[in-house]
Amino acid sequence: MAHTFPFSAIVGQDEMKLAILIAAIDPSLGGVLVLGDRGTGKSTAVRALAALLPPMKAVVGCRYGCDPDDSRNVCEECAALRAAGKTKPKSHLVPVPVVDLPLGATEDRVVGALDLERALSQGIKAFEPGLLARAHRGFLYIDEVNLLEDHLVDLLIDVAASGENVVEREGLSVRHPARFVLVGSGNPEEGELRPQLLDRFGLSVEVRTPDDLASRVEVVRRRDAFERQPQAFLDQWHAEDEKVRKRIVGGRKRLDEVDIPDAARERAAQLCMALGTDGLRGDLTLIRASRALAALQGDKAVSDAHLRRVAGPALRHRLRRNPLDDAGSSARVLRAVAELMGA
40 MAHTFPFSAI VGQDEMKLAI LIAAIDPSLG GVLVLGDRGT GKSTAVRALA ALLPPMKAVV
100 GCRYGCDPDD SRNVCEECAA LRAAGKTKPK SHLVPVPVVD LPLGATEDRV VGALDLERAL
160 SQGIKAFEPG LLARAHRGFL YIDEVNLLED HLVDLLIDVA ASGENVVERE GLSVRHPARF
220 VLVGSGNPEE GELRPQLLDR FGLSVEVRTP DDLASRVEVV RRRDAFERQP QAFLDQWHAE
280 DEKVRKRIVG GRKRLDEVDI PDAARERAAQ LCMALGTDGL RGDLTLIRAS RALAALQGDK
340 AVSDAHLRRV AGPALRHRLR RNPLDDAGSS ARVLRAVAEL MGA
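Per our numbering, the sequence shown starts with residue 40, numbered consecutively.
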């Protein structure tokens, strides 16, 4: 059995870890884009978080892992069972899926296709679910997302917008729910992300190789200890991971109870106007991320402190290039926050 590095044992990268926690509390945010150097724990953080999330309820025998308590976002098979009078299908607990989408994946592998084995051996036209189906209600992770082929980018944009995968080919017509937290990572020096896909990520964070001696030594020490004696290392960090798990579970329960004052909405709108973000997706993401942060921290209402902390991840990737301003997007967001809310 493969072991997963503990989330709590990741050194530094606080902004990345917070963004992933927020996305886990409110998956409707649209996922997380992690840009930065190679070997900085991007994929490790995603898998570590998924490993400590509590198991989710899924319909027994469902190929898409449908939620038995959700009557709307279900596949055709589960909808047919409910229509037949089985209002509450049998369920069991399954791990939260983390699915990798390789750069070289074919379209059939991503969206699904005709099951050739059954078609040839039994003469039956059956659908073989793809990676999008496996990722439903979990995480879809794309390393080097900025190098993803255009036709796959188009697919992801459509599915991310609708939460549903529609396949019509080879005499098949299938639709199934595909709601997942999209996590992409990459090095911006190797190529830019298409604006349409960039806008679909709720949060964007920047990671860097640690530049202080103590952090670098600690990263190497922990990784070496984990690889030499993984179970002992997991036992050592079990208590800390349990604290994170309880914060996530509590945050999900409190999310709908967090109050968003009109003053907070006005602050968010003022900040987006000052930065010149296009559309209203920035305003919505800023408010939702602030609410998720408040829920994570156990606060009852969204305040300037929450808006200030998530402003960078929520807005830095939504700014237009300004030829008269040499400052990077992160610096521009920090400057706007300071001017609006104080240093």
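Even for Gly, the Cβ is constructed at its ideal location relative to N, Cα and C.
Ranked by how close their Cα comes to the Cα of Asn-112, the residues Ala-172, Glu-228, Ala-377 and Val-246 have Ala-172 in first place. Taking 9 Å as the cut-off, the Cβ atoms of Leu-72 and Leu-232 count as close. When the Cα atoms are used, Gly-75 and Arg-218 turn out to be separated by approximately 26 Å. With fewer than 16 other Cβ atoms inside 10 Å of its own Cβ, Met-312 counts as exposed.
Here Glu-231 carries a coil assignment [DSSP, helix/strand/coil]. For Lys-96, DSSP records a beta bridge to Leu-132. Judged by beta-carbon spacing, Val-133 lies beyond the 9 Å limit of Pro-93, meaning their Cβ atoms are not closer than that value.
Under the Cβ criterion (8 Å, minimum of three pairs), the region 97–110 does not count as touching the region 51–62.
Put simply, of Ile-326, Val-376, Phe-272 and Ala-331 the residue whose alpha carbon is nearest the alpha carbon of Ile-49 is Phe-272. In the DSSP assignment, Ile-287 falls outside any beta strand (DSSP E) and within the unbroken alpha helix (DSSP H) covering 269–293. Excluding five sequence positions before and after Ser-254, the CB atoms of its chain that fall closer than 6 Å to its own CB belong to Val-50 and Gly-51, given in chain order. In this structure Glu-54 is buried. Its beta-carbon is surrounded by 16 or more other beta-carbon atoms within 10 angstroms.
Of the residues assessed, Ser-110 falls on the exposed side of the cut-off, its CB having fewer than 16 other CB atoms within 10 angstroms. Positions of the alpha helix (DSSP H) runs, each at least 4 residues long and wholly inside the region 162–249, are given as 170–173, 189–201 and 234–237 in order along the chain. Ala-377 carries a helical assignment under DSSP once its states are collapsed to helix, strand and coil. By the CB criterion at 9 Å, Ala-303 and Ala-353 fall outside the cutoff.
Going by beta carbons, Leu-211 and Phe-166 fall inside the 9 Å limit.
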